[in-house]
Amino acid sequence: MLSPTRDDTSGNVMTTVPPCIVGSSAPEFTLPAALPDLGQQRLQSADYRGRWLAILFYPRDFSFVCPTELTGFSAEKSRFDERGCDLLGISIDSVESHLKWLQTPSSAGGVEGLQFPLASDPHGELCKRFGVWREQDGLPNRGLFLIDPSGQLRYAASYDLSVGRNVEDVLRSLDALQAGGVCPANWKRADGVLDVASLLQPGRVLGHYRIERELGRGAFGQVLQADDLRLERKVALKVISKQDGQTETKLLREARSAASINHPNVCTVYSADTIDTLPTIVMEYLEGRPLVEVIGHGFDQRRFRRMAHKIALGLSAAHAQGVVHGDLKPANILLRENNEPVLVDFGLAQSLRQNGVESAAEVTPSKDAGESPLDPSKTLEFAAATATTSRPGGISGTPAYMSPEQASGERLNESSDIFSLGLIFAQMLTGKSPMSDLSVIEIITSLRRKDFVESLVEKIPSTYRADLVDMLAMKPEERPSAGDVCQRMAQ
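In terms of full-length UniProt numbering, the sequence shown is numbered consecutively and its last residue is 491.
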């Protein structure tokens, strides 16, 4: 059932027909249908959420090509079931006509024994929404549409009335869509997919970006320098390793929120979208070097105060837009050629975290972390087993700069960034990370000790000791805001 609109010039009610485009949400529907058991039911698009759906449009019951085509799909229904895909036929004929057709043997042009429902779109409204309507004939073309479990249209094809569809080709297309990645010509289900990320070499073009060189690689993907061929400017591309669909969607949503930040001490995010199947964040290209490369000798107090103030300004601007960094560390602070600090990689670690949990009774590296010792200064991902819930949780971030609540797998807010910033300030003042001599498990254990901060600030110049005690408070609500830190560093 579609929503009508009124033509103000004639008073007639007309149906709005927005375009149906692959990659966008498929049109919603509520249609009466005849079921294989000869029952009747109103079917809705919402009924198919969580599963794939193959919609087969055909012109009329009892036509010459339709029976063989529909029965061909019906004969392979078990293979569609294996792939979590339902089948639905739709024409302009009534439910009564469908029921009669379902009871007519194939020898008489019927589809007796058909294993999937036939829905009725009597006025062709849904046919128009899917772009298969032939206005001159008042009939739909044959059309095949594959809709994914989230309701996105992933495949669309419309055929002349005399052309049927090959079931094997449809199954191959479904396999390719479910496999993800890129599937070359003559691809088969057992072949696997092309790893597009492995093809990101200098000279290749991703969307409208020509890759120049790799700038870095981390736990969640790689960063590339590229030329924007449309706007003729240098950009940095953060290409995220393939995740599950929900994670990718959340990642891109968080990155888009970071695009709302407009501040000289925050790297500008131009766009965040899926480009050639890869979730990609397009950012300002910055000349400079990361803070981690110059922090080893420590900073004199004058230089520290100036830089700390600038970093806090950038963080305050982010928090004002409701954006939490989630992985703040010296490697994510870039120094321009004039030594102006710029915060980079906003929201990535938070977006890739699994849902937070109340507390972590046991923390272990995720299976794909490998056998080698874990580096506390690198962004890592953990599995968290909790005593309070059986639902699996997760911890992502850099152990050497985590807040206590982040190490426990809890949901992050701005206060977590302040704790991380306090650890960075301590390293800037002493030249050494407070956690540099500890293993990952020792760090997580230390963050639960009440005397942790007391032992840490003993090495901090007395001028800043009180500031760091506040920033490293064990309770998030007791920490100052980024704006408060700005004011303290400006004095």
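All C-beta atoms, glycine included, are put in the ideal place defined by N, C-alpha and C.
To which residues of the same chain is residue i closer than 6 angstroms at the C-beta, ignoring the five residues directly before and after it?
| i | result |
| --- | --- |
| residue 238 | 223, 281 |
| residue 334 | 286, 288, 290, 342, 344 |
| residue 72 | 167 |
| residue 156 | 22, 145 |
| residue 74 | 114, 115 |
From the options, pick the residue whose C-alpha is nearest to that of residue i; which is it?
| i | options | result |
| --- | --- | --- |
| residue 409 | 447, 432, 199 | 447 |
| residue 287 | 146, 215, 40 | 215 |
| residue 138 | 106, 151, 124 | 124 |
| residue 208 | 158, 235, 199, 220 | 235 |
| residue 306 | 176, 486, 468 | 486 |
| residue 423 | 397, 407, 438, 456 | 456 |
| residue 302 | 250, 428, 399, 28 | 428 |
| residue 39 | 159, 119, 29, 475 | 119 |
| residue 476 | 241, 233, 83, 414 | 414 |
| residue 31 | 25, 37, 46 | 46 |
| residue 25 | 151, 136, 103 | 151 |
| residue 296 | 421, 432, 284 | 432 |
| residue 170 | 220, 77, 250 | 77 |
| residue 327 | 308, 283, 407, 336 | 407 |
| residue 27 | 212, 104, 153 | 153 |
| residue 271 | 228, 217, 221 | 228 |
| residue 396 | 276, 220, 95, 256 | 220 |
| residue 292 | 484, 436, 104 | 436 |
| residue 20 | 127, 95, 97 | 127 |
Can the beta-carbon of residue i be found closer than 9 angstroms to that of residue j?
| i | j | result |
| --- | --- | --- |
| residue 493 | residue 130 | This structure gives no information on residue 493, because the portion of the chain shown stretches from 1 to 491. |
| residue 342 | residue 264 | yes |
| residue 324 | residue 412 | yes |
| residue 417 | residue 319 | yes |
| residue 43 | residue 70 | no |
| residue 490 | residue 421 | no |
| residue 178 | residue 260 | no |
| residue 90 | residue 140 | yes |
| residue 172 | residue 158 | no |
| residue 450 | residue 398 | no |
| residue 262 | residue 317 | yes |
| residue 29 | residue 121 | yes |
| residue 284 | residue 310 | no |
| residue 83 | residue 174 | yes |
| residue 88 | residue 56 | yes |
Let me confirm a value: residue i is counted as buried when at least 16 other C-beta atoms fall within 10 Å, else exposed. Which label applies?
| i | result |
| --- | --- |
| residue 315 | buried |
| residue 93 | buried |
| residue 273 | exposed |
| residue 492 | Outside the displayed span of the chain (1 to 491) sits residue 492, for which this structure offers no information. |
| residue 368 | Since pLDDT at residue 368 reaches only 40, below the 50 mark, its modelled position is unreliable, and the value read off the structure follows with that caveat. Result: exposed. |
| residue 206 | buried |
| residue 254 | buried |
| residue 463 | exposed |
| residue 230 | exposed |
| residue 136 | exposed |
| residue 387 | The pLDDT assigned to residue 387 is 33, lower than 50, so where the model puts this residue is not dependable; a value taken from the coordinates is nonetheless given after this. With fewer than 16 other Cβ atoms within 10 Å, it is exposed. |
| residue 405 | buried |
| residue 203 | exposed |
| residue 199 | exposed |
| residue 439 | exposed |
| residue 312 | buried |
| residue 226 | buried |
| residue 466 | exposed |
Looking only at its chain, what residues have a beta carbon closer than 8 angstroms to the beta carbon of residue i, apart from the 5 residues adjacent to it on each side?
| i | result |
| --- | --- |
| residue 86 | 48, 51, 52, 53, 54, 80, 116 |
| residue 430 | 298, 459, 460 |
| residue 332 | 290, 325, 343, 344, 345 |
| residue 99 | 34, 38, 40 |
| residue 104 | 62, 110, 111, 112 |
| residue 336 | 286, 287, 288, 342 |
| residue 210 | 203, 204, 226, 227, 229 |
Sorted by chain position, which residues of the same chain lie with C-beta nearer than 7 angstroms to residue i's C-beta, five sequence neighbours on each side aside?
| i | result |
| --- | --- |
| residue 67 | 106, 109, 110, 111 |
| residue 452 | 446 |
| residue 492 | Residue 492 lies beyond the range of the chain shown here (1 to 491); nothing can be said about it. |
| residue 279 | 240, 248, 251, 252 |
| residue 468 | 422, 425, 426, 457, 460 |
| residue 338 | none |
| residue 95 | 32, 33, 34, 40, 120 |
Does any heavy atom of the ligand PLP sit closer than 8 angstroms to the C-beta of residue i?
| i | result |
| --- | --- |
| residue 430 | Only the bare structure without any ligand can be found here, which leaves the ligand PLP out of the picture. |
So that I know if they touch, is there some Cβ in chain D lying closer than 9 angstroms to that of residue i?
| i | result |
| --- | --- |
| residue 433 | The question asks about chain D, but that chain is absent: this structure has only one protein chain. |
Original post:
Are there three or more Cβ pairs, one per stretch, closer than 8 angstroms when the stretch 48 to 65 is compared with the stretch 100 to 117?
Top reply: yes
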